[in-house]
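One structure is given below, encoded as structure tokens.
In the numbering used here, the protein residues as written are -1 to 309.
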């Protein structure tokens, strides 16, 4: 897609109804030839809206006013472009645990969790958070994760996790102020509840740090999986990660993960991990497909705010 198409699509499918500020900003960038020229100087994978907007936020630039954003971006493009080249979107949204929980709770316990694209590992603590599915509550920890769930009975219990590990090309440390600042910059402007959630989840991770390994999702996954304890069900999972991986490497990853013992949970956009004969999504907004061992189960929203189980 062209730069204009990427930003228009982001505005319509991801930001609409979720972040008015980013919807306005994405539509403005879609019409901005000067910014298009600057973005085309970056590799295609580095032109994405989330990355641009987060970098500008990290550097202290404005994201609420499109005109001010344009002026700031043009004036500071050398610094912005350098940050975009060196960084990747590593949105570590603990709220995604709310859509993973129904699958995790139904697997043979205890669990050994291994997250691919783990960032700082905040989604490795589904047993430590509390959940609210409408009037149904599960758990008693912090943060409390809200999710609108349809087509299913919410889980009645939390999983038992005895090992938690993450694999990432650039693992982040929630005890490092610079890493925490990047995680905060990735949260959309109006989402104060997600900032509070980040702080609460970071406190959980800091109290009992996960095993985070710097490595590639194909080359280094088998060795890390082999470190899971005997007697626990290995669960390899990932959410909103594979869009950053070139198609040949995605295919290689699927081959590798299917050969591992245990189970594989994917929560990815349909464009990057294909499934056949799915029902229509609940709305025109962007949805991921939640799948267990390659079998699709539900539509989910990107920050874990909604789950629609297939009939």
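Don't be surprised by glycine CBs; every beta carbon is placed ideally from N, CA and C.
Neighbourhood of residue i by C-beta distance below 8 Å, restricted to the same chain and skipping five residues each side
{"i": "residue 146", "result": "131, 132, 303, 304, 305"}
{"i": "residue 167", "result": "86, 212, 213, 214"}
{"i": "residue 2", "result": "28, 29, 34"}
{"i": "residue 75", "result": "36"}
{"i": "residue 39", "result": "79"}
{"i": "residue 231", "result": "105, 106, 107, 108, 109, 110, 260, 261"}
Local conformation of residue i per DSSP, three classes
{"i": "residue 247", "result": "helix"}
{"i": "residue 16", "result": "coil"}
{"i": "residue 123", "result": "coil"}
{"i": "residue 8", "result": "helix"}
{"i": "residue 260", "result": "coil"}
{"i": "residue 182", "result": "helix"}
{"i": "residue 306", "result": "strand"}
{"i": "residue 81", "result": "helix"}
{"i": "residue 148", "result": "strand"}
{"i": "residue 231", "result": "strand"}
{"i": "residue 55", "result": "helix"}
{"i": "residue 215", "result": "coil"}
{"i": "residue 32", "result": "helix"}
{"i": "residue 206", "result": "coil"}
{"i": "residue 171", "result": "coil"}
{"i": "residue 63", "result": "coil"}
{"i": "residue 3", "result": "helix"}
{"i": "residue 236", "result": "strand"}
{"i": "residue 40", "result": "coil"}
{"i": "residue 286", "result": "strand"}
{"i": "residue 190", "result": "helix"}
{"i": "residue 110", "result": "strand"}
{"i": "residue 294", "result": "strand"}
{"i": "residue 69", "result": "helix"}
{"i": "residue 91", "result": "coil"}
{"i": "residue 130", "result": "strand"}
{"i": "residue 267", "result": "strand"}
{"i": "residue 45", "result": "coil"}
Exposure of residue i, with buried meaning 16 or more beta-carbon neighbours within 10 Å
{"i": "residue 0", "result": "exposed"}
{"i": "residue 148", "result": "exposed"}
{"i": "residue 17", "result": "buried"}
{"i": "residue 158", "result": "exposed"}
{"i": "residue 151", "result": "exposed"}
{"i": "residue 32", "result": "exposed"}
{"i": "residue 155", "result": "exposed"}
{"i": "residue 104", "result": "exposed"}
{"i": "residue 100", "result": "buried"}
{"i": "residue 72", "result": "exposed"}
{"i": "residue 119", "result": "buried"}
C-alpha gap between residue i and residue j, whole angstroms
{"i": "residue 11", "j": "residue 5", "result": "10 Å"}
{"i": "residue 288", "j": "residue 170", "result": "25 Å"}
{"i": "residue 228", "j": "residue 165", "result": "20 Å"}
{"i": "residue 237", "j": "residue 116", "result": "9 Å"}
{"i": "residue 240", "j": "residue 129", "result": "26 Å"}
{"i": "residue 309", "j": "residue 294", "result": "11 Å"}
{"i": "residue 96", "j": "residue 299", "result": "11 Å"}
{"i": "residue 161", "j": "residue 106", "result": "14 Å"}
{"i": "residue 78", "j": "residue 254", "result": "36 Å"}
{"i": "residue 208", "j": "residue 121", "result": "10 Å"}
{"i": "residue 314", "j": "residue 266", "result": "Residue 314 is absent from the model: the chain starts at -1 and stops at 309."}
{"i": "residue 276", "j": "residue 191", "result": "32 Å"}
{"i": "residue 195", "j": "residue 203", "result": "12 Å"}
{"i": "residue 98", "j": "residue 234", "result": "12 Å"}
{"i": "residue 124", "j": "residue 137", "result": "10 Å"}
{"i": "residue 179", "j": "residue 274", "result": "39 Å"}
{"i": "residue 59", "j": "residue 53", "result": "9 Å"}
{"i": "residue 225", "j": "residue 246", "result": "26 Å"}
{"i": "residue 243", "j": "residue 153", "result": "32 Å"}
{"i": "residue 175", "j": "residue 67", "result": "25 Å"}
{"i": "residue 51", "j": "residue 258", "result": "37 Å"}
{"i": "residue 217", "j": "residue 69", "result": "43 Å"}
{"i": "residue 177", "j": "residue 140", "result": "21 Å"}
{"i": "residue 269", "j": "residue 248", "result": "12 Å"}
{"i": "residue 271", "j": "residue 134", "result": "31 Å"}
Close-in-space but distant-in-sequence residues of the same chain around residue i (CB under 6 Å, 5 per side omitted)
{"i": "residue 285", "result": "279, 297"}
{"i": "residue 14", "result": "21"}
{"i": "residue 81", "result": "53"}
{"i": "residue 307", "result": "149, 150, 296"}
{"i": "residue 9", "result": "21, 24, 25"}
Close Cβ partners of residue i (< 7 Å) along its chain, the five nearest in sequence each way excluded
{"i": "residue 62", "result": "19, 187"}
{"i": "residue 291", "result": "261, 262"}
{"i": "residue 64", "result": "22, 23, 26"}
{"i": "residue 55", "result": "61, 183"}
{"i": "residue 223", "result": "112, 232, 234, 258"}
- Task: Could you tell me whether the stretch 170 to 182 touches the stretch 197 to 207, using the rule of 3 or more Cβ pairs below 8 Å?
- Result: Touching, yes, given that three or more Cβ pairs across the two stretches are closer than 8 Å.
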